[in-house]
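This report concerns only the one structure given below.
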Amino acid sequence: EDQVTQSPEALRLQEGESSSLNCSYTVSGLRGLFWYRQDPGKGPEFLFTLYSAGEEKEKERLKATLTKKESFLHITAPKPEDSATYLCAVGEKAAGNKLTFGGGTRVLVKP
Amino acid sequence: NAGVTQTPKFQVLKTGQSMTLQCAQDMNHEYMSWYRQDPGMGLRLIHYSVGAGITDQGEVPNGYNVSRSTTEDFPLRLLSAAPSQTSVYFCASSWGGGVYTDTQYFGPGTRLTVL
Numbered sequence: 015e016d017q018v019t020q021s022p023e024a025l026r027l028q029e030g031e032s033s034s035l036n037c038s039y040t041v042s043g044l045r046g047l048f049w050y051r052q053d054p055g056k057g058p059e060f061l062f063t064l065y066s067a068g069e070e071k072e073k074e075r076l077k078a079t080l081t082k083k084e085s086f087l088h089i090t091a092p093k094p095e096d097s098a099t100y101l102c103a104v105g106e107k108a109a110g111n112k113l114t115f116g117g118g119t120r121v122l123v124k125p
Numbered sequence: 739n740a741g742v743t744q745t746p747k748f749q750v751l752k753t754g755q756s757m758t759l760q761c762a763q764d765m766n767h768e769y770m771s772w773y774r775q776d777p778g779m780g781l782r783l784i785h786y787s788v789g790a791g792i793t794d795q796g797e798v799p800n801g802y803n804v805s806r807s808t809t810e811d812f813p814l815r816l817l818s819a820a821p822s823q824t825s826v827y828f829c830a831s832s833w834g835g836g837v838y839t840d841t842q843y844f845g846p847g848t849r850l851t852v853l
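In order, the protein sequences belong to chains A and B.
According to our numbering, the stretch in the first sequence is residues 15 to 125, in order.
According to our numbering, the stretch in the second sequence is residues 739 to 853, in order.
This is the structure we're talking about:
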């Protein structure tokens, strides 16, 4: 059975304190790994898609990387506006366009 | 483009009542899906559709019904609401995908409380 596990569940950072979020997955045939940002009371907002091991993508202070078993979302010198829940999801070869989501990591960046 | 829109934003129902959550997208996406989000459970797939006239069950379909008569609209019907259906509901859409899973774009959500 597909599994997507995110860690830690919650992360408190000081402004400027870089850190990484982890998303580990077990699927038979990865068709895409997705990172979303979700603010309280809002829908998930798309950040990145990664398709193959070794791939990296960046956007402002965020950088996503992918290996064969996990993905990391690195937050460099975070600001309070980076506070949100970050969701990871995977698409699997036999699942069409369906996504399996992890439980998310709640990030709080204090000034 | 409005993207994915959902109505209503908030709804309170009594046990046994029925209602329809509306979802529409203006991106001409083939694939649409409904998720529910509960604390500690992440997003779980309820139903999905790969195109007009085609729907299928996701992980947690019981108590919900869907239809897809147009490309744009994908309503979710609660047949007889139960307290266990108290949740936040999200609709999402994407292109159909091919070799790779396509990116899904989410609506703002409907917060449903069943008393």
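Cβ atoms here follow ideal geometry from the backbone N, Cα and C, with glycine treated the same way.
Spatially closest choice to B:Trp772 from B:Asn766, B:Thr743, B:Leu751, B:Leu853, by CA coordinates: Stepping through the second sequence from its first residue, residue 772 of chain B is reached at position 34. Comparing Cα-Cα distances from B:Trp772 to each of B:Asn766, B:Thr743, B:Leu751, B:Leu853, the minimum goes to B:Thr743.
With distance defined between alpha-carbon atoms, name the residue in A:Asn111, A:Ala103, A:Pro125 nearest to A:Gln17. If you number the first sequence from 1, residue 17 of chain A lands on position 3. For the residues A:Asn111, A:Ala103, A:Pro125, the minimum Cα distance to A:Gln17 belongs to A:Ala103.
Note down the Cα distance separating A:Pro125 from A:Arg26, rounded to an integer number of angstroms. As a position in the first sequence, residue 125 of chain A is number 111, starting the count at 1. As a position in the first sequence, residue 26 of chain A is number 12, starting the count at 1. Spanning the two alpha carbons is a distance of roughly 11 Å.
Listing by chain order, which chain A residues have their CB less than 9 Å from the CB of B:Val788? Here the question's residue 788 of chain B lines up with position 50 in the second sequence. Those are Gly110, Asn111, listed as they occur along chain A.
Endpoints, the beta strand (DSSP E) within which B:Met858 is located: Since the displayed chain B opens at 739 and closes at 853, residue 858 of chain B lies outside it and no answer follows.
Are the Cβ atoms of B:Gly789 and B:Glu768 separated by less than 8 Å? Translated into the one-based positions of the second sequence, residue 789 of chain B becomes position 51. Translated into the one-based positions of the second sequence, residue 768 of chain B becomes position 30. Yes; because the gap between Cβ atoms is below 8 Å, this pair is in contact.
Between A:Arg120 and chain B, is any beta-carbon pair separated by less than 8 Å? Taking the first sequence and counting its residues from 1, one reaches residue 120 of chain A at position 106. Cβ-Cβ to chain B under 8 Å: no for A:Arg120.
Does B:Ser807 come out as helix, strand or coil in the three-state DSSP assignment? What you label residue 807 of chain B is simply residue 69 of the second sequence in a count that begins at 1. In the three-state reduction of the DSSP assignment, B:Ser807 falls in the coil class, being assigned neither a helical nor a strand state.
Tell me whether B:Ala790 sits in a helix, a strand or coil according to DSSP, three-state version. Along the second sequence, read from residue 1 onward, the residue named residue 790 of chain B stands at position 52. The answer is coil: DSSP assigns B:Ala790 none of H, G, I, E or B.
Pull the bridge partners of B:Met770 from the DSSP assignment, please. Residue mapping note: residue 770 of chain B aligns to position 32 of the second sequence, counting from 1. DSSP lists B:Ser787, B:Ser831 as the bridge partner or partners of B:Met770.
Over the uninterrupted beta strand (DSSP E) stretch that includes B:Asn800, give me the two end residues. On the second sequence, residue 800 of chain B is found 62 positions in, with the first residue counted as 1. Segment: none, B:Asn800 is in no beta strand (DSSP E) and carries neither H nor E.
Taking 8 Å as the limit between beta carbons, can you name the residues of its chain near B:Leu751, skipping five residues before and five after? One-based indexing of the second sequence puts residue 751 of chain B at position 13. Sequence-distant partners of B:Leu751 (beyond 5 residues in either direction) whose C-beta falls short of 8 Å from its own C-beta, in its chain, are Met757, Leu816, Ala819, Leu850, Thr851, Val852, Leu853.
Quick one: which chain A residues come within Cβ less than 9 Å of B:Leu783? For the purposes of this step, residue 783 of chain B is taken as the residue at position 45 of the second sequence. By Cβ distance, chain A contributes Lys112, Leu113, Thr114, Phe115.
Roughly how many angstroms lie between the CA atoms of A:Leu175 and A:Thr40, to the nearest whole one? Since the first and last residues shown for chain A are 15 and 125, residue 175 of chain A lies out of range.
So for B:Gln842, helix, strand or coil by DSSP? Position 104 of the second sequence, counted from the start, is the residue given in the question as residue 842 of chain B. B:Gln842: coil per DSSP, three-state reduction.
Take the Cβ of A:Val121 as the centre, count every other Cβ of all protein chains shown within 10 Å, and call the residue buried at 16 or more, exposed below. The residue you call residue 121 of chain A lines up with position 107 of the first sequence. So A:Val121 counts as buried.
Work out the CA separation of A:Asn111 and B:Ser831 for me, nearest whole Å. Counted from its first residue, the second sequence places residue 831 of chain B at position 93. Counted from its first residue, the first sequence places residue 111 of chain A at position 97. Annotation: B:Ser831 to A:Asn111 spans about 10 Å, alpha carbon to alpha carbon.
Can you have a look at A:Ala91 and say buried or exposed, based on whether 16 or more other CB atoms are within 10 angstroms of its CB? Residue numbering aside, residue 91 of chain A sits at position 77 when the first sequence is read from its first letter. Exposed is the call here.
Out of A:Glu70, A:Leu44, A:Thr99, state which residue places its alpha-carbon closest to the alpha-carbon of B:Tyr838. What you label residue 838 of chain B is simply residue 100 of the second sequence in a count that begins at 1. Comparing C-alpha distances from B:Tyr838 to each of A:Glu70, A:Leu44, A:Thr99 shows the shortest one belongs to A:Leu44.
If we cut at 8 Å on Cβ distances, does A:Tyr65 have a partner in chain B? By one-based count along the first sequence, residue 65 of chain A stands at place 51. Proximity of A:Tyr65 to chain B, defined by a Cβ-Cβ separation below 8 Å, is satisfied.
List, in chain order, every chain E residue whose beta-carbon is nearer than 7 Å to that of B:Gln842. Among the chains of the structure shown, chain E does not appear; the protein chains present are A and B.
May I ask you to list, following chain order, the residues of the stretch 796-827 of chain B that have a beta carbon less than 8 Å from some beta carbon of chain A? Hits within the stretch, in order: Gly796.
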